[in-house]
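Those sequence lines, one after another, are chains P and Z. Each number in the numbering used here comes from the position in the first sequence (counting from 1) with 1099 added on. Each number in the numbering used here comes from the position in the second sequence (counting from 1) with 32 added on. Working notes for the structure below.
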Amino acid sequence: MFTRDILWPAVIGLVLMFLLPLVTDAYTLTVLTAYAMLALSLGFIWGFAGILCFGQAAFFGLGAYAFAIASINIGTPWLPFFIAILVPALFAAVFGAVLFYGRLSDVYLAVVTLVMTLILFKFMNSSAGDGYKLGTARLGGYNGIPGFETLTVPWDSSEYLYDTSLYYFAFLLLIVVYICLRLLLRQPFGRALVGIRENELRAELMGYDIRLLKTIAFSIGAAIAGLAGCIYANWAEIVTPALFSLGQSAEIIIWVIVGGAGTLMGPLIGAALLGYTKFLLGQQSLIDNTFILGMILVLAVLLLPNGIFPAVVSIVKRVAAKFSTGRSPRSRAASRRSKLPNKTGHQADGSNRRGSTQSSAQSSAQSSAQGKSHNHRDDDGAAPIDRGQ
Amino acid sequence: MDYAAVVAVEIFYAVAVLVLISAGLAVIFGMMRVINLAHGEFLTLGGYAAIVSNKAGVNIYVSMLVMAPLAAALFGFLVERLIIRWLYGRLINTMLATWGLSLAMMGGFTMIFGNTTTGIATPIAGFTYGRYQLSGYNLFVIFMAIAVAVGLYLMLKTTRAGLIARGAMQNTEMTSAFGYNPSRVYLITFVAGSALAGLAGGVMAPLVGLNPASGANYIAKSFITVIAGGASIVSGALTSAGIFGVISQTVTLLSTPAVGEIALLVVAIILLRLLPTGITGKFFKGRI
Chain P
1100 MFTRDILWPA VIGLVLMFLL PLVTDAYTLT VLTAYAMLAL SLGFIWGFAG ILCFGQAAFF
1160 GLGAYAFAIA SINIGTPWLP FFIAILVPAL FAAVFGAVLF YGRLSDVYLA VVTLVMTLIL
1220 FKFMNSSAGD GYKLGTARLG GYNGIPGFET LTVPWDSSEY LYDTSLYYFA FLLLIVVYIC
1280 LRLLLRQPFG RALVGIRENE LRAELMGYDI RLLKTIAFSI GAAIAGLAGC IYANWAEIVT
1340 PALFSLGQSA EIIIWVIVGG AGTLMGPLIG AALLGYTKFL LGQQSLIDNT FILGMILVLA
1400 VLLLPNGIFP AVVSIVKRVA AKFSTGRSPR SRAASRRSKL PNKTGHQADG SNRRGSTQSS
1460 AQSSAQSSAQ GKSHNHRDDD GAAPIDRGQ
Chain Z
33 MDYAAVVAVE IFYAVAVLVL ISAGLAVIFG MMRVINLAHG EFLTLGGYAA IVSNKAGVNI
93 YVSMLVMAPL AAALFGFLVE RLIIRWLYGR LINTMLATWG LSLAMMGGFT MIFGNTTTGI
153 ATPIAGFTYG RYQLSGYNLF VIFMAIAVAV GLYLMLKTTR AGLIARGAMQ NTEMTSAFGY
213 NPSRVYLITF VAGSALAGLA GGVMAPLVGL NPASGANYIA KSFITVIAGG ASIVSGALTS
273 AGIFGVISQT VTLLSTPAVG EIALLVVAII LLRLLPTGIT GKFFKGRI
């Protein structure tokens, strides 16, 4: 567990951190890191808890705004840094409790989260004028809030974190968050989340309070999104209502689905690749940027519903299995089994819900115990329950 | 007294706009359980079709009421064959694919028409009522909304095509056992929904300046109206449009349009929290 979940990610992450500046400048890399963090937040709640939030941008924007407003009011940047994580997390805890204790799911959840983002967007857009103030910070409407204190080196408040140092800071945070999430998914809490994603009813019958677990997961995701927003605010040095826009929410979902929902690595890769592609596309004016992003999403849903990362992993595994005779066919089957957390799987085994509740609850208890013992892939925790019972 | 009449017209108008812009989405969602997130862009497409054909010399009513639905229907045909058909039964995936389509269309409009706002003049002059000036075109929009709702109802209730469509909606397998190809029923339904969206876009075109991103103004409202309405197409859209239209317009008159829209969205969240299957999931169950 230590080598797999802490050592390797840390080593690879650090190597990447020092290699990436050879590809492009630190300024671009910082915002890509913020995007990757944002994608990770949705990748966690969608890919592992099965909560498809169409408004992850709301928490991103809330984090950025919370940082800007707190920074103007307090004057020093480190307390606001934590406020930027806390505000979205608390907001999501309350909002999530309202939703999940009302048992909203699927399309209704999508609508409500989307609407939430729109409300924030509309509110922030119409908040120009002296009437809209929080402490000494003016919300500024469409123009947003410029001119707040950005992060400094903790022991020297005159040395600002910017450009290269901000990039290193952001990337280190990303590594830490990634490792924390991996460890979290190894915990009973993480296993239970995957169980909920696979089959809510079954998880509930086994005695898990899915409403509480979902609310907590939602709140964790929001905290990470808020952190991403905070990094973004430090990078851009201005926050505008565009952070809450529908386009922003769509982009996060595109990153995750293109990279591969159901993994932690996929969203990171998706965000970095597409973010960089967008940056490169921004330098030409022949084809509209939005057009290409939209087409990528359509094609990804149609052709690569599992995303790039799982596809690449399964190809690599197949090639590796061809060359080494020592590999068991079982592990290949496991890699092929990983799938998107869409609802089709749930409908497929809905038929034996009624008949064999008890036996299937037992068998899933067994299989989740097995899942703990063989630690193969983090997304395989809730291996499909054998239907034969 | 005059003021009350004006307020009443304004509120009816707000409801009518919601009915009009969500009718196409309601047909597609109610019949096929498919959420078309590119609905706003279908409306914009209808609007552009109306404006372009009007500028090419076509009569304004022909371009609004014929050309706009026609263009959207043709495009809807392509979209159903190329994208939606592969994703039936996968609600979330259809939402994602059509969201991608919406972005792509937005980009496409920008490439074709440029990032500018275009518009056409309203064909109906305003008139005075007592001490107030009323827009005649608003009355036309109300009339169109009523026509669409009544037309849809009669179509579904009295015609053979409507009967088949309702059958396919209730039980696809049974319908195909009776010899009707569900894939064709879905295609026709999607095209019909697209045509309704185009019609709404065309009718709305003289009222709003159209730009490539206009769709975003429609999609949220129509989406909310349809989801809050629930499974029944006509009665669901009518009741939720009624509730949302009255509330948002009342708040708008009392404060600002931005607050009115926020009020609409807040009410939508509360409504969905209380009635997670929509209004018609609880009341008017099983009606059209």
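We put the CB at the ideal spot given by N, CA and C, even for glycine. Only a predicted model underlies this, so the values are computations on that prediction, with no experimental measurement involved.
> Does any residue of chain P bring its CB to less than 7 Å from the CB of residue 194 of chain Z?
Replying inline: Taking the second sequence and counting its residues from 1, the one referred to as residue 194 of chain Z is at position 162. Output row for residue 194 of chain Z: interface = no.
> Of all Cβ atoms in chain P, is any one closer than 7 Å to the Cβ of residue 214 of chain Z?
Replying inline: Residue numbering aside, residue 214 of chain Z sits at position 182 when the second sequence is read from its first letter. Output row for residue 214 of chain Z: interface = no.
> Just the Cα atoms here: how many angstroms apart are residue 47 of chain Z and residue 116 of chain Z?
Replying inline: Locating residue 47 of chain Z in the second sequence gives position 15, counting from the first residue. Locating residue 116 of chain Z in the second sequence gives position 84, counting from the first residue. For residue 47 of chain Z and residue 116 of chain Z, the distance between alpha carbons rounds to 30 Å.
>> Just to confirm, is the Cβ distance from residue 196 of chain Z to residue 218 of chain Z under 7 Å?
In response: To locate residue 196 of chain Z, count along the second sequence from 1; it is residue 164. To locate residue 218 of chain Z, count along the second sequence from 1; it is residue 186. No.
>> What does the Cβ neighbour count give for residue 1347 of chain P, buried or exposed, with the cut at 16 atoms within 10 Å?
In response: Walking along the first sequence from the start, residue 1347 of chain P turns up at place 248. It is buried - the Cβ of residue 1347 of chain P has at least 16 other Cβ atoms within 10 Å.
> What is the C-beta distance between residue 1310 of chain P and residue 1147 of chain P, in whole angstroms, given that I count them as a contact (C-beta under 8 Å)?
Replying inline: Translated into the one-based positions of the first sequence, residue 1310 of chain P becomes position 211. Translated into the one-based positions of the first sequence, residue 1147 of chain P becomes position 48. Not a contact, Cβ separation roughly 17 Å.
> Using a beta-carbon distance cut-off of less than 8 Å, what residues from the region 1369–1395 of chain P approach chain Z?
Replying inline: Taking a C-beta cut-off of 8 Å against chain Z, the contacting residues of the region 1369–1395 of chain P are 1386, 1387, 1388, 1389, 1390, 1391, 1392, 1393, 1394, 1395, listed in chain order.
>> Rounded to the nearest angstrom, what separates residue 1448 of chain P and residue 1298 of chain P at their Cα positions?
In response: Taking the first residue of the first sequence as 1, we reach residue 1448 of chain P at position 349. Taking the first residue of the first sequence as 1, we reach residue 1298 of chain P at position 199. Confidence in residue 1448 of chain P is poor, its pLDDT being 39 and thus under 50, which makes the residue's placement unreliable; the coordinate value appears in the next sentence. Taking the straight line joining both Cα atoms gives about 9 Å.
> chain Z beta carbons: is any one of them nearer than 7 Å to that of residue 1218 of chain P?
Replying inline: For the purposes of this step, residue 1218 of chain P is taken as the residue at position 119 of the first sequence. It does: the Cβ of residue 1218 of chain P has a partner Cβ on chain Z nearer than 7 Å.
>> At the 7 Å Cβ level, is residue 307 of chain Z part of the contact set with chain P, yes or no?
In response: Here residue 307 of chain Z corresponds to residue number 275 of the second sequence, with the count starting at 1. Interface flag for residue 307 of chain Z against chain P is unset, since no Cβ pair is found closer than 7 Å.
>> Can you pull out the residues from the region 130–156 of chain Z whose beta carbon lies closer than 8 Å to at least one beta carbon of chain P?
In response: So the close ones are 131, 132, 133, 134, 135, 136, 137, 138, 139, 140, 142, 143.
> Thinking C-beta only, is residue 309 of chain Z closer than 7 Å to residue 268 of chain Z?
Replying inline: By one-based count along the second sequence, residue 268 of chain Z stands at place 236. By one-based count along the second sequence, residue 309 of chain Z stands at place 277. Not in contact: residue 268 of chain Z and residue 309 of chain Z (Cβ atoms no closer than 7 Å).
> What in chain Z is Cβ-close to residue 1205 of chain P, meaning under 9 Å?
Replying inline: As a first step, residue 1205 of chain P must be located in the first sequence, where it is residue number 106. Near residue 1205 of chain P (Cβ distances below 9 Å), the residues of chain Z are 123, 124.
>> Judging by CA-CA distance, which residue of Z/153, Z/162, Z/73 is the nearest neighbour of residue 252 of chain Z?
In response: Looking up residue 252 of chain Z in the second sequence gives position 220. Relative to the Cα of residue 252 of chain Z, the nearest Cα in the group Z/153, Z/162, Z/73 belongs to Z/73.
> Taking the alpha carbon of residue 1168 of chain P as the point to measure from, which residue in P/1107, P/1254, P/1328 has its own alpha carbon closest?
Replying inline: By 1-based counting over the first sequence, the position of residue 1168 of chain P is 69. Closest by alpha carbon: P/1328.
>> Quick check on residue 1248 of chain P: does DSSP put it in helix, strand or coil?
In response: Stepping through the first sequence from its first residue, residue 1248 of chain P is reached at position 149. Coil at residue 1248 of chain P, not helix or strand.
> Can you name the residues of chain Z whose CB is closer than 8 Å to the CB of residue 1404 of chain P?
Replying inline: In the first sequence, the residue the question calls residue 1404 of chain P occupies position 305. One finds 125 in chain Z with Cβ atoms closer than 8 Å to the Cβ of residue 1404 of chain P, taken in chain order.
>> Between which two residues does the alpha helix (DSSP H) holding residue 1131 of chain P run?
In response: As a working note, residue 1131 of chain P is residue 32 in the first sequence. Element bounds for residue 1131 of chain P: 1125–1146.
> So, helix, strand or coil for residue 165 of chain Z, using DSSP?
Replying inline: For this step, residue 165 of chain Z is matched to residue 133 along the second sequence. Note: residue 165 of chain Z maps to strand in three-state DSSP.
> When the Cα atoms are used, what is the spatial distance from residue 306 of chain Z to residue 157 of chain Z?
Replying inline: As a working note, residue 306 of chain Z is residue 274 in the second sequence. As a working note, residue 157 of chain Z is residue 125 in the second sequence. Roughly 43 Å separates the two Cα atoms.
>> Using a 10 Å radius around the Cβ and a threshold of 16 neighbouring Cβ atoms, would you call residue 1392 of chain P buried or exposed?
In response: Start at 1 with the first residue of the first sequence, and residue 1392 of chain P comes out as number 293. Classification for residue 1392 of chain P: buried.
> Is it the case that the Cβ atoms of residue 1210 of chain P and residue 265 of chain Z are separated by a distance below 7 Å?
Replying inline: Within the first sequence, residue 1210 of chain P is the residue found at index 111, counting from 1. Within the second sequence, residue 265 of chain Z is the residue found at index 233, counting from 1. No, Cβ-Cβ distance for residue 1210 of chain P and residue 265 of chain Z is not below 7 Å.
>> At the level of alpha carbons, what is the spacing between residue 1353 of chain P and residue 1374 of chain P?
In response: Residue numbering aside, residue 1353 of chain P sits at position 254 when the first sequence is read from its first letter. Residue numbering aside, residue 1374 of chain P sits at position 275 when the first sequence is read from its first letter. Rounded to whole angstroms, residue 1353 of chain P to residue 1374 of chain P spans 11 Å at the Cα level.
> Opposite residue 1503 of chain P in the DSSP bridges: which residues?
Replying inline: Residue coverage of chain P in this structure runs from 1100 to 1488, which leaves residue 1503 of chain P outside it and unanswerable.
> Would residue 1188 of chain P pass as a contact of residue 1318 of chain P if the rule is Cβ separation under 7 Å?
Replying inline: As a working note, residue 1188 of chain P is residue 89 in the first sequence. As a working note, residue 1318 of chain P is residue 219 in the first sequence. With contacts defined by Cβ atoms closer than 7 Å, residue 1188 of chain P and residue 1318 of chain P form a contacting pair.
>> Alpha carbons only, please: which of Z/99, Z/301, Z/182 is nearest the one belonging to residue 261 of chain Z?
In response: For the purposes of this step, residue 261 of chain Z is identified with residue 229 of the second sequence, where counting begins at 1. For the residues Z/99, Z/301, Z/182, the minimum Cα distance to residue 261 of chain Z belongs to Z/301.
> Exposed or buried, which one is residue 1301 of chain P when buried takes at least 16 other CB atoms within 10 Å?
Replying inline: The residue given as residue 1301 of chain P occupies position 202 in the first sequence. Of the residues assessed, residue 1301 of chain P falls on the buried side of the cut-off, its CB having 16 or more other CB atoms within 10 angstroms.
> Run through DSSP, which three-state label would residue 263 of chain Z get?
Replying inline: For the purposes of this step, residue 263 of chain Z is taken as the residue at position 231 of the second sequence. It is coil, neither helix nor strand.
> Taking only runs of the alpha helix (DSSP H) that begin and end inside the region 1353–1418 of chain P, which ones reach a length of at least 4 residues, in chain order?
Replying inline: Note on the region 1353–1418 of chain P: whole alpha helix (DSSP H) runs with a minimum of 4 residues are 1364–1380, 1388–1402, in chain order.
>> Please return the same chain residues whose Cβ sits closer than 8 Å to the Cβ of residue 263 of chain Z, not counting the five positions on each side in sequence.
In response: Here the question's residue 263 of chain Z lines up with position 231 in the second sequence. Around residue 263 of chain Z, the same chain offers 62, 309, 310, 312, 313 as residues with beta carbons nearer than 8 Å, after the five sequence neighbours per side are excluded.
> Would you say residue 67 of chain Z and residue 127 of chain Z are within 7 Å of each other, going by their C-beta atoms?
Replying inline: Translated into the one-based positions of the second sequence, residue 67 of chain Z becomes position 35. Translated into the one-based positions of the second sequence, residue 127 of chain Z becomes position 95. Yes, they are a contact pair.
> Using the C-alpha atoms, what's the distance from residue 1236 of chain P back to residue 341 of chain Z?
Replying inline: Outside the shown range of chain Z (33 to 320) lies residue 341 of chain Z, about which nothing can therefore be said.
>> Taking the alpha carbon of residue 151 of chain Z as the reference point, which residue from Z/295, Z/234, Z/278 has its own alpha carbon closest?
In response: Locating residue 151 of chain Z in the second sequence gives position 119, where the first residue counts as 1. The alpha carbon of residue 151 of chain Z has as its nearest neighbour, out of Z/295, Z/234, Z/278, the alpha carbon of Z/234.
> Skipping 5 residues on each side, what residues in its chain have a beta carbon closer than 8 Å to that of residue 1386 of chain P?
Replying inline: As a position in the first sequence, residue 1386 of chain P is number 287, starting the count at 1. Here the set comprises 1380.
> If you draw a straight line from the C-alpha of residue 99 of chain Z to the C-alpha of residue 105 of chain Z, how long is it?
Replying inline: Start at 1 with the first residue of the second sequence, and residue 99 of chain Z comes out as number 67. Start at 1 with the first residue of the second sequence, and residue 105 of chain Z comes out as number 73. Cα to Cα, residue 99 of chain Z sits roughly 10 Å from residue 105 of chain Z.
>> Am I right that residue 1312 of chain P and residue 1291 of chain P are in contact with their C-beta atoms under 8 Å? What's the rounded C-beta distance?
In response: For the purposes of this step, residue 1312 of chain P is identified with residue 213 of the first sequence, where counting begins at 1. For the purposes of this step, residue 1291 of chain P is identified with residue 192 of the first sequence, where counting begins at 1. Confirmed, Cβ separation roughly 6 Å.
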